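Before any comments, here is the structure.
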Ligand SMILES: Cc1cc2nc3c(=O)[nH]c(=O)nc-3n(C[C@H](O)[C@H](O)[C@H](O)COP(=O)(O)OP(=O)(O)OC[C@H]3O[C@@H](n4cnc5c(N)ncnc54)[C@H](O)[C@@H]3O)c2cc1C
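Numbering (my numbering), first residue to last: -5 to 377.
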């Protein structure tokens, strides 16, 4: 379907598509096999100016919105969700600064992020605080003119590879969720180090690592926004970034559909290409319907969010659930269409199926998204 992209948006898609076809696809299986961070690919993405998309023009960026980042992520995910996740994590890490940071903070960090010279990461999750983020135990205490952070963040994308981390910590533990604040911690800050690096089922080229804060001392002006407003900023951050995860699902599902159709046209059984069997055609037809429906919902939700509506949570959660559940189903169907070959590493669909799973889990599981949608419906219908 034609979504009538503007000339600039088509340029973004073409640029990302070229990187995917020429740089990412040739190396994705090796990166997956070796569990290797795609530093060189991220440098290529930086050279193509794609890190500037989510940064406002006044800080050296392209000034794009949720829609522009979604179409970029969709294209990169067609190549490899691990690589696309590493790219997306930099935007996620910088959204708190964009949303709540001071002018000085934006001037300090955003130009180098836009240029792709430095990458960011977002540190919320801890061993005992996943879906229930209010259970975090990391603390930040003001001592003299420095904040002192203590705690361990778990499963942080780009951990150990990024230069800048937004960390959520309790500044007033007795106030619960209203006692959390966000800080910028930089690679090399005293007391900041990296712990366990995870060995994962999928998105194996992305780095997922512990962040250890042990009497980590940072200047007072690294507090993002006002003290105590951390969770409000976190919720806004995730509302804006979730359509990006949904877009990863669309790109991945599209790639799986492409592989399945191409294979079904070539594979001959009973003297005919398997695509000539109606049972196979119906699987492919359902895959195609789901991919297009997911794309439409992601684009519509991203445009809704770019319009800066009063409430964006329902749209953000709906597209995340629908597109990532779609990615899981469509990649699984692609393996089925390829039969035994689909299960082998010679073909990319087994990796696609492994990569799809995380999309239903990170940035809030799809169960949590359904909770959000349900709560929003309840509010809407009481109004
Ligand atoms: C590869 C990877 C990368 C990640 N990257 C980052 C990152 O960059 N930064 C970051 O901060 N975090 C990151 N995370 C953490 C991620 O966001 C969490 O894993 C996710 O939010 C779920 O938390 P959990 O894994 O602790 O699951 P749990 O909260 O323990 O949930 C377990 C199960 O219970 C269900 N459940 C829990 N509560 C409810 C409820 N109230 N209603 C219904 N069902 C419920 C969940 O849906 C899930 O099925 C990453 C995780 C992974 C695996």
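Cβ coordinates follow ideal geometry from the N, Cα and C atoms, glycine included. None of the values given here were measured: they were computed from a predicted structure.
In this structure, does DSSP put residue i in helix, strand or coil?
i, result
"residue 313", "helix"
"residue 117", "strand"
"residue 4", "helix"
"residue 144", "strand"
"residue 197", "coil"
"residue 165", "coil"
"residue 76", "helix"
"residue 189", "strand"
"residue 177", "strand"
"residue 134", "strand"
"residue 25", "helix"
"residue 53", "helix"
"residue 284", "helix"
"residue 123", "strand"
"residue 351", "helix"
"residue 345", "helix"
"residue 300", "helix"
"residue 266", "strand"
"residue 213", "strand"
"residue 159", "strand"
"residue 382", "Outside the displayed range of the chain (-5 to 377) lies residue 382, so it cannot be described from this structure."
"residue 208", "strand"
"residue 227", "helix"
"residue 151", "strand"
"residue 236", "helix"
"residue 203", "strand"
State yes or no: is the C-beta of residue i within less than 8 Å of the C-beta of residue j?
i, j, result
"residue 160", "residue 87", "yes"
"residue 119", "residue 101", "no"
"residue 75", "residue 242", "yes"
"residue 193", "residue 360", "no"
"residue 103", "residue 234", "no"
"residue 108", "residue 46", "yes"
"residue 297", "residue 61", "yes"
"residue 245", "residue 67", "yes"
"residue 351", "residue 26", "no"
"residue 317", "residue 288", "yes"
"residue 19", "residue 73", "yes"
"residue 174", "residue 225", "yes"
"residue 232", "residue 357", "yes"
"residue 290", "residue 310", "no"
"residue 293", "residue 71", "no"
"residue 353", "residue 328", "no"
"residue 268", "residue 324", "no"
"residue 305", "residue 370", "yes"
"residue 339", "residue 23", "yes"
"residue 32", "residue 80", "yes"
Rounded to whole angstroms, how far is the Cβ of residue i from the Cβ of residue j, which I believe are closer than 8 Å?
i, j, result
"residue 163", "residue 134", "4 Å"
"residue 150", "residue 203", "6 Å"
"residue 189", "residue 146", "7 Å"
"residue 315", "residue 274", "With a Cβ gap of about 28 Å, residue 315 and residue 274 do not count as contacting."
"residue 210", "residue 137", "12 Å between Cβ atoms; not a contact."
"residue 169", "residue 222", "7 Å"
In or out: residue i buried (at least 16 other Cβ within 10 Å) or exposed?
i, result
"residue 342", "buried"
"residue 214", "exposed"
"residue 51", "exposed"
"residue 216", "buried"
"residue 208", "exposed"
"residue 227", "buried"
"residue 266", "exposed"
"residue 349", "buried"
"residue -3", "exposed"
"residue 237", "buried"
Under 8 Å, Cβ to Cβ, is there at least one residue of chain D near residue i?
i, result
"residue 231", "You won't find chain D in this structure, because it holds only one protein chain."
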